[in-house]
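Colleague: Encoded as structure tokens, here's the structure I'll be asking about.
There are 4 protein chains.
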Amino acid sequence: MTSARRYTLSLSCPDRVGIVAAVSGFIASHNGWIVEAQHHADQAMQRFFMRQEILADSLAFGIEEFGHQFAPIAAQFQMDWQITDSAKKKRVVILVSKPEHCLYDLLARWQSGELDIEIPCVISNHEVLRKFVEWHNIPFYCVPVTPETKPAAYDEIMQRFEAVKGDVMVLARYMQVLSPEMCDRYFKRIINIHHSFLPSFVGAKPYHQAYERGVKLIGATCHYVTAELDAGPIIDQDVIRIDHSDSVEDLVRYGKDIEKTVLARGLRYHIEDRILVHGNKTVVFR
Amino acid sequence: MTSARRYTLSLSCPDRVGIVAAVSGFIASHNGWIVEAQHHADQAMQRFFMRQEILADSLAFGIEEFGHQFAPIAAQFQMDWQITDSAKKKRVVILVSKPEHCLYDLLARWQSGELDIEIPCVISNHEVLRKFVEWHNIPFYCVPVTPETKPAAYDEIMQRFEAVKGDVMVLARYMQVLSPEMCDRYFKRIINIHHSFLPSFVGAKPYHQAYERGVKLIGATCHYVTAELDAGPIIDQDVIRIDHSDSVEDLVRYGKDIEKTVLARGLRYHIEDRILVHGNKTVVFR
Amino acid sequence: MTSARRYTLSLSCPDRVGIVAAVSGFIASHNGWIVEAQHHADQAMQRFFMRQEILADSLAFGIEEFGHQFAPIAAQFQMDWQITDSAKKKRVVILVSKPEHCLYDLLARWQSGELDIEIPCVISNHEVLRKFVEWHNIPFYCVPVTPETKPAAYDEIMQRFEAVKGDVMVLARYMQVLSPEMCDRYFKRIINIHHSFLPSFVGAKPYHQAYERGVKLIGATCHYVTAELDAGPIIDQDVIRIDHSDSVEDLVRYGKDIEKTVLARGLRYHIEDRILVHGNKTVVFR
Amino acid sequence: MTSARRYTLSLSCPDRVGIVAAVSGFIASHNGWIVEAQHHADQAMQRFFMRQEILADSLAFGIEEFGHQFAPIAAQFQMDWQITDSAKKKRVVILVSKPEHCLYDLLARWQSGELDIEIPCVISNHEVLRKFVEWHNIPFYCVPVTPETKPAAYDEIMQRFEAVKGDVMVLARYMQVLSPEMCDRYFKRIINIHHSFLPSFVGAKPYHQAYERGVKLIGATCHYVTAELDAGPIIDQDVIRIDHSDSVEDLVRYGKDIEKTVLARGLRYHIEDRILVHGNKTVVFR
Chain A
1340 MTSARRYTLS
1350 LSCPDRVGIV
1360 AAVSGFIASH
1370 NGWIVEAQHH
1380 ADQAMQRFFM
1390 RQEILADSLA
1400 FGIEEFGHQF
1410 APIAAQFQMD
1420 WQITDSAKKK
1430 RVVILVSKPE
1440 HCLYDLLARW
1450 QSGELDIEIP
1460 CVISNHEVLR
1470 KFVEWHNIPF
1480 YCVPVTPETK
1490 PAAYDEIMQR
1500 FEAVKGDVMV
1510 LARYMQVLSP
1520 EMCDRYFKRI
1530 INIHHSFLPS
1540 FVGAKPYHQA
1550 YERGVKLIGA
1560 TCHYVTAELD
1570 AGPIIDQDVI
1580 RIDHSDSVED
1590 LVRYGKDIEK
1600 TVLARGLRYH
1610 IEDRILVHGN
1620 KTVVFR
Chain B
1340 MTSARRYTLS
1350 LSCPDRVGIV
1360 AAVSGFIASH
1370 NGWIVEAQHH
1380 ADQAMQRFFM
1390 RQEILADSLA
1400 FGIEEFGHQF
1410 APIAAQFQMD
1420 WQITDSAKKK
1430 RVVILVSKPE
1440 HCLYDLLARW
1450 QSGELDIEIP
1460 CVISNHEVLR
1470 KFVEWHNIPF
1480 YCVPVTPETK
1490 PAAYDEIMQR
1500 FEAVKGDVMV
1510 LARYMQVLSP
1520 EMCDRYFKRI
1530 INIHHSFLPS
1540 FVGAKPYHQA
1550 YERGVKLIGA
1560 TCHYVTAELD
1570 AGPIIDQDVI
1580 RIDHSDSVED
1590 LVRYGKDIEK
1600 TVLARGLRYH
1610 IEDRILVHGN
1620 KTVVFR
Chain C
1340 MTSARRYTLS
1350 LSCPDRVGIV
1360 AAVSGFIASH
1370 NGWIVEAQHH
1380 ADQAMQRFFM
1390 RQEILADSLA
1400 FGIEEFGHQF
1410 APIAAQFQMD
1420 WQITDSAKKK
1430 RVVILVSKPE
1440 HCLYDLLARW
1450 QSGELDIEIP
1460 CVISNHEVLR
1470 KFVEWHNIPF
1480 YCVPVTPETK
1490 PAAYDEIMQR
1500 FEAVKGDVMV
1510 LARYMQVLSP
1520 EMCDRYFKRI
1530 INIHHSFLPS
1540 FVGAKPYHQA
1550 YERGVKLIGA
1560 TCHYVTAELD
1570 AGPIIDQDVI
1580 RIDHSDSVED
1590 LVRYGKDIEK
1600 TVLARGLRYH
1610 IEDRILVHGN
1620 KTVVFR
Chain D
1340 MTSARRYTLS
1350 LSCPDRVGIV
1360 AAVSGFIASH
1370 NGWIVEAQHH
1380 ADQAMQRFFM
1390 RQEILADSLA
1400 FGIEEFGHQF
1410 APIAAQFQMD
1420 WQITDSAKKK
1430 RVVILVSKPE
1440 HCLYDLLARW
1450 QSGELDIEIP
1460 CVISNHEVLR
1470 KFVEWHNIPF
1480 YCVPVTPETK
1490 PAAYDEIMQR
1500 FEAVKGDVMV
1510 LARYMQVLSP
1520 EMCDRYFKRI
1530 INIHHSFLPS
1540 FVGAKPYHQA
1550 YERGVKLIGA
1560 TCHYVTAELD
1570 AGPIIDQDVI
1580 RIDHSDSVED
1590 LVRYGKDIEK
1600 TVLARGLRYH
1610 IEDRILVHGN
1620 KTVVFR
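Residue numbers (my numbering), protein chains in the order written: chain A, 1340 to 1625; chain B, 1340 to 1625; chain C, 1340 to 1625; chain D, 1340 to 1625.
Structure below.
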């Protein structure tokens, strides 16, 4: 990946002859330099997916004019499409509960520039991570969640998310089930890390479930949140080997290492516009 | 692992002080040379597991006398125990349907001496693999299975298994659900390879299920067969990474590679008496 | 991947604006249906790589006419290019020594149709695998290799390879170092599986070397053969975890599982024209 | 692993009959409750290795008396041995340069109690990480290293290490080659993370070397530091898959994830006294 400014065009449409020719012809006609390009034709769905990274400086015009000129082609092929600008960093709001490993990991990646994002605030239902977050000069909001206050709490979270113009919400081990309204409102904009190899061990205490079942590998799954618990489109997964000598506490400890890695990978794919969702599945152009 | 003749003592018992001292003291008092030893104390179950490999030549007596002399210790600690002799090869009956990859793989390992077993026969519900099996000078029995003939077919399989004095039955992609009676009768003696990462995707067509769910890794699971479908004690598992560009046919193809590897590993653990079952879980002393 | 007849166009050329547009425009103008497409722009080398799979039936003409019409575009962009027809199976000549695991594995994949190739003959420096090969109705030639007969032996192998119109030679644990002439003559047409994670442990007895060094993972590497030993372009690699309890014999046994898997993957990439070589590196469009 | 106070006995000695019996008999005679036990008999070296974790409360005496009473057995079998107390936390001095990922990761694990250690200070040749370290209330010392000041700098580091009674020094991407004297003086007490799959790519810029060679997996290696660069006993290793589309910068980024995981695993093994070194290899009782 280059660090130069890029526009990223991503789209999907019914599959037919000539899509690549039309899109690449359009880009070439404006002298656009493509640094990365991926396609996928889903034969079962007869749908075509494409992602193109173009050097911003190679085009004679800006992103708005690009969109304006591209619109007729998009219409012709019935495309769902978007174009984004790498100079406009995604604004990522992180939600956490008490476990700190994913938060530490995300902030380390943000500090070092590995994750090229802005973090306008961190929201938690507990106070414990306030100081660590604030030390990084990131605003921290504690929004307690109890069975009674849940609706009000989620309203507050959504207001804060809107107020800071958040692009994506990351549940970095947030441990609370969001309301269906919230899931629907921000579909494809809330990323969760679930600490099991989905679809195994949905819901609470997946490491305990894994221990009881006696599996020989445990996993973690990064997915978009939908109203159905732990059933949204999967972005990435990974596993680690365990054996009979490992207690539930050992599984929790091993699991943290894959949770944070898988979440960071999934978030990276999202902020680089590498993920296209179709139905309940993802196309991830790595 | 040495190739010299070994006795393998494996046992489990309620956990308490002095078990290792008693067993190792007994072995040492008879000058037994231990080449491999493993323990596991399950703290949740308060149960102790142990496996010892002893050079046969280092003892002044044979396996029967060993058992005779060890019995009082076993009684004192309420042990479930067994001792086996590496000179007595396990007799492995392989059941297959039409897919040949696991069978080819097992026969290659047997031919080369990697799997130190006898294969008294192969049983299939189809004729297609007869010639390949018979070329290896292994008897092949075709026992067709239809909804009506199922009970008779399973009776015939059990009779053949008994007739050849089989120690263990390996379902090398056999694709038939065994009767509960058969599962109970040969508990811990029937090994299956299921083509998913259990407990995900139980039952038929797991690769289709995986494709529909959009997982990013697919797996295979080697387990002991019990009456509840795909729910027996897990021996080993593994996974392989896939992505959106893979069709169901690709998953089937990738999956074969892990199926045969995981099945061969699980069978090896079994024939080397490395697996102790407790409840629905396994202790595997690798 | 579809099983319908496809033409596969693969090419590389100096990177510049308009390559994709030109190629996809050409294909679209002839109504070609693209089922799979990949690009890669190597920024360090300023070189562009592309692979396109086109449904044969979607074109109005055959592969020769395709080449004829495409030639001007290829010339304009200074392309190294080729187009192949999936209906013309690759002819794979397998060379083996005594270890049988890779051969069994390749023949199983060929038997089942997983590897869509022809195997016109197997060549070995030993007799031991003759019967197994011939049982599959594949001609087997024993060409012994001694220090004195080496040049003559290699001449015979090359003659046999030419006589059967071989496309690619697979060293399925052949254990002999080929002559520089042979390596040069069949550059990008000889695939070897080396039983280490290259560039570690070049040359003889890599598992012994790995054991001595005390590594915690062992590997296998599939690569094109060049005159410099074990230094050719790497196609694929994989590793497996070991520990202190594993002897050299255990490493050999574990290693076989990755050797055969990695070799089969590499061969598959080759026969599907997924590999483009540049310098001493490969672009593999999976 | 239990969190109760434990004594850990680890030892190696020439292999012979009766070692386990002697040690376990001794422990049992004092009513010692063993929570974890591992052995390994290295057949090539004819050497025996053992690790026993005993609940402190199950013994009638403390660690000193244990040592006193065990000494005759140790002498009889010519044991190299030690016994440690889980209540006495290891004091870990961390050395870093500018890359922060390993430091963040170690501090997160220490904060959460996952790594049960004390960190008396962090030493760096740069100032950049001072504030982050000090925010955690850990003293930070900047000891610049230039070609001229190297000997004085290393003297200062050793003095600081001694002054804080350090048990182990962790090079968390320290990027400086230590002096042979320092390596010898603290043999088995300095842990390094090297960013390649050793023995491939020793020395500087291993990701560049890996990129040039065109490998398909990159790795990281945690090892004890010896005077020969990157050649000390290997504690743990891991790898991650890459492909032709990854630039050197991508390798660096992927590599960080395995570097920090492998370093944390290796350090954990060390502080739990799970590593026994023999020659240039390790026995790691996980």
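We put the beta carbon where it would ideally sit given N, CA and C, even for glycine.
Being a predicted model, the structure only gives us computed values, none of them experimental.
Locate the beta strand (DSSP E) running through ILE1358/D, then write down its first and last residues.
Modeller: The residue labelled residue 1358/D in the question sits at position 19 within the fourth sequence. Where ILE1358/D is concerned, there is no enclosing beta strand (DSSP E), although the alpha helix (DSSP H) it sits in stretches over 1358-1368.
Colleague: Quick one: which unbroken beta strand (DSSP E) runs of 3-plus residues sit fully inside the stretch 1576-1612 of chain B? Chain order, please.
Modeller: none
Colleague: How close, in whole Å, do the beta carbons of LEU1537/B and THR1565/B come, if the pair is a contact with beta carbons under 8 Å?
Modeller: Working through the second sequence from its first residue, we reach residue 1537/B at position 198. Working through the second sequence from its first residue, we reach residue 1565/B at position 226. Actually they are not in contact, since the Cβ atoms of LEU1537/B and THR1565/B sit about 12 Å apart, beyond 8 Å.
Colleague: For SER1584/A, go through chain B and note every residue whose CB falls closer than 7 Å to its CB, in chain order.
Modeller: Mapped onto the first sequence, residue 1584/A falls at position 245. HIS1379, listed in chain order.
Colleague: CA-CA distance, SER1349/D and GLN1408/D?
Modeller: Here residue 1349/D refers to the residue found at position 10 when the fourth sequence is read from its first residue. Here residue 1408/D refers to the residue found at position 69 when the fourth sequence is read from its first residue. Distance between the alpha carbons of SER1349/D and GLN1408/D is about 15 Å.
Colleague: According to DSSP, is LYS1527/A part of a helix, a strand, or is it coil?
Modeller: If you number the first sequence from 1, residue 1527/A lands on position 188. Coil at LYS1527/A, not helix or strand.
Colleague: Measuring only the C-alpha atoms, how far is ARG1469/D from ILE1462/D?
Modeller: The count along the fourth sequence starts at 1 and reaches residue 1469/D at position 130. The count along the fourth sequence starts at 1 and reaches residue 1462/D at position 123. Here the C-alpha atom of ARG1469/D lies approximately 9 Å from the C-alpha atom of ILE1462/D.
Colleague: Residues of chain D with a CB under 7 Å from the CB of TYR1538/C: which are they?
Modeller: Taking the third sequence and counting its residues from 1, one reaches residue 1538/C at position 199. Note that residue 1538/C is Pro in the sequence shown, not Tyr. Going along chain D in sequence order, the residues near PRO1538/C (Cβ under 7 Å) are SER1539, ARG1552.
Colleague: Return the CA-CA distance between LEU1446/D and HIS1547/D, expressed in angstroms with no decimal places.
Modeller: For the purposes of this step, residue 1446/D is identified with residue 107 of the fourth sequence, where counting begins at 1. For the purposes of this step, residue 1547/D is identified with residue 208 of the fourth sequence, where counting begins at 1. Approximately 29 Å between the Cα atoms of the pair.
Colleague: Based on the DSSP output, what are the partners of GLY1292/A in its beta bridges?
Modeller: The requested residue 1292/A does not occur in the structure, where chain A is confined to residues 1340 to 1625.
Colleague: Pick from VAL1431/D, HIS1440/D, ILE1557/D, LYS1544/D: whose alpha carbon is nearest that of ASP1506/D?
Modeller: As a working mapping, residue 1506/D is identified with position 167 in the fourth sequence. Out of VAL1431/D, HIS1440/D, ILE1557/D, LYS1544/D, VAL1431/D has the C-alpha closest to the C-alpha of ASP1506/D.
Colleague: Find out if the Cβ-Cβ distance for the pair GLU1429/D, ILE1610/D is shorter than 8 Å.
Modeller: The sequence position of residue 1429/D within the fourth sequence is 90, counting from 1. The sequence position of residue 1610/D within the fourth sequence is 271, counting from 1. The residue asked about is misnamed: residue 1429/D is Lys in this sequence, not Glu. In contact: LYS1429/D and ILE1610/D (Cβ atoms closer than 8 Å).
Colleague: When you compare the CB positions of ILE1557/B and GLU1598/B, do they come within less than 8 Å of one another, or not?
Modeller: Here residue 1557/B refers to the residue found at position 218 of the second sequence. Here residue 1598/B refers to the residue found at position 259 of the second sequence. No Cβ-Cβ contact shorter than 8 Å links ILE1557/B with GLU1598/B.
Colleague: Under 7 Å Cβ-Cβ, which residues of chain D neighbour ASN1619/C?
Modeller: Counting from one through the third sequence, the residue named residue 1619/C turns up at place 280. Correct list: GLY1553.
Colleague: Measure from the alpha carbon of ILE1393/D to the alpha carbon of each residue in GLY1357/D, ASN1370/D, VAL1587/D, ASP1582/D, then state which is nearest.
Modeller: As a working mapping, residue 1393/D is identified with position 54 in the fourth sequence. Of GLY1357/D, ASN1370/D, VAL1587/D, ASP1582/D, the residue nearest in Cα terms is ASN1370/D.
Colleague: Have a look at ASN1464/A and PRO1483/A and give me their C-alpha separation to the nearest angstrom.
Modeller: One-based indexing of the first sequence puts residue 1464/A at position 125. One-based indexing of the first sequence puts residue 1483/A at position 144. Cα to Cα, ASN1464/A sits roughly 4 Å from PRO1483/A.
Colleague: So, helix, strand or coil for TRP1343/C, using DSSP?
Modeller: Start at 1 with the first residue of the third sequence, and residue 1343/C comes out as number 4. In the sequence on display, residue 1343/C carries Ala and not Trp. Note: ALA1343/C maps to coil in three-state DSSP.
Colleague: Looking at chain B, is there any beta carbon in it that lies within less than 8 Å of the beta carbon of GLN1576/A?
Modeller: Counting from one through the first sequence, the residue named residue 1576/A turns up at place 237. Chain B, which has a Cβ nearer than 8 Å to the Cβ of GLN1576/A, makes this yes.
Colleague: Note the first and the last residue of the continuous beta strand (DSSP E) segment covering PHE1479/A.
Modeller: Residue 1479/A sits at position 140 when you count from the first residue of the first sequence. That run of the beta strand (DSSP E) goes 1479-1481.
Colleague: If I measure Cβ to Cβ from HIS1440/A and keep anything under 8 Å in the same chain, skipping five residues before and after, which residues do I get?
Modeller: Against the first sequence, residue 1440/A aligns to sequence position 101. Excluding positions up to five away in sequence, the list reads ARG1512, LYS1595, GLU1598, LYS1599.
Colleague: Output needed for THR1423/C: all residues of its chain with C-beta closer than 6 Å, excluding positions within five of it in sequence on either side, in chain order.
Modeller: Mapped onto the third sequence, residue 1423/C falls at position 84. The answer, listed in chain order, is THR1347, ASP1612.
Colleague: Taking the straight line between their C-alpha atoms, what separation do you get for ASP1494/D and SER1539/A?
Modeller: The residue given as residue 1494/D occupies position 155 in the fourth sequence. The residue given as residue 1539/A occupies position 200 in the first sequence. If you take the alpha carbons of ASP1494/D and SER1539/A, they lie about 54 Å apart.
Colleague: Beta-carbon of GLY1371/D versus every beta-carbon of chain B: anything under 8 Å?
Modeller: As a first step, residue 1371/D must be located in the fourth sequence, where it is residue number 32. Yes, GLY1371/D lies at the interface with chain B (some Cβ there is under 8 Å from its Cβ).
Colleague: Taking Cβ positions only, does ILE1573/C come closer than 8 Å to chain D?
Modeller: On the third sequence, position 234 is the one that residue 1573/C refers to. With 8 Å as the cut-off, ILE1573/C counts as an interface residue toward chain D.
Colleague: So ALA1358/C and PHE1387/C are in contact, right, with Cβ under 8 Å, and what is the actual spacing, rounded?
Modeller: Counting from one through the third sequence, the residue named residue 1358/C turns up at place 19. Counting from one through the third sequence, the residue named residue 1387/C turns up at place 48. According to the sequence as given, residue 1358/C is Ile; it is not Ala. The Cβ separation is near 5 Å, so the contact holds.
Colleague: Out of VAL1374/D, PRO1353/D, SER1351/D, HIS1378/D, point me to the one whose CA is closest to SER1363/B's CA.
Modeller: Position 24 of the second sequence, counted from the start, is the residue given in the question as residue 1363/B. When each option's Cα is compared against that of SER1363/B, the closest is HIS1378/D.
Colleague: Between the alpha carbons of ALA1491/D and GLN1498/D, how many angstroms are there, rounded?
Modeller: Locating residue 1491/D in the fourth sequence gives position 152, counting from the first residue. Locating residue 1498/D in the fourth sequence gives position 159, counting from the first residue. Each residue's Cα considered, the two are about 10 Å apart.
Colleague: Using the Cβ count rule (16 or more neighbours within 10 Å means buried), how would you classify LYS1437/A?
Modeller: The residue given as residue 1437/A occupies position 98 in the first sequence. The residue is exposed, with fewer than 16 neighbouring Cβ atoms inside 10 Å.
Colleague: Helix, strand or coil for ASP1569/C, going by three-state DSSP, please let me know.
Modeller: Within the third sequence, residue 1569/C is the residue found at index 230, counting from 1. Three-state DSSP puts ASP1569/C in coil, outside helix and strand.
Colleague: Would the beta-carbon of PRO1519/A fall within 8 Å of that of HIS1534/A?
Modeller: Here the question's residue 1519/A lines up with position 180 in the first sequence. Here the question's residue 1534/A lines up with position 195 in the first sequence. Contact flag unset, no.
Colleague: Would DSSP call MET1389/A helix, strand or coil?
Modeller: Taking the first sequence and counting its residues from 1, one reaches residue 1389/A at position 50. Here MET1389/A sits in strand by DSSP.
Colleague: Quick one: does VAL1591/A have its CB under 8 Å from some CB of chain B?
Modeller: Taking the first sequence and counting its residues from 1, the one referred to as residue 1591/A is at position 252. For VAL1591/A, the answer is no, since every Cβ of chain B falls outside 8 Å of its Cβ.
Colleague: Here's the rule: buried if 16 or more other CB atoms are within 10 angstroms of the residue's CB, otherwise exposed. What is ARG1524/B?
Modeller: Translated into the one-based positions of the second sequence, residue 1524/B becomes position 185. Answer is exposed; the Cβ neighbour count stays below 16.
Colleague: Determine the closest residue to MET1418/D out of GLU1403/D, VAL1623/D, LEU1615/D, with distance taken between C-alpha atoms.
Modeller: Here residue 1418/D corresponds to residue number 79 of the fourth sequence, with the count starting at 1. The residue with the shortest Cα to Cα distance from MET1418/D is LEU1615/D.
Colleague: Expressed to the nearest angstrom, what Euclidean distance is found between the alpha-carbon atoms of LEU1602/C and ILE1529/B?
Modeller: For the purposes of this step, residue 1602/C is identified with residue 263 of the third sequence, where counting begins at 1. For the purposes of this step, residue 1529/B is identified with residue 190 of the second sequence, where counting begins at 1. Straight-line Cα distance between these residues: approximately 32 Å.
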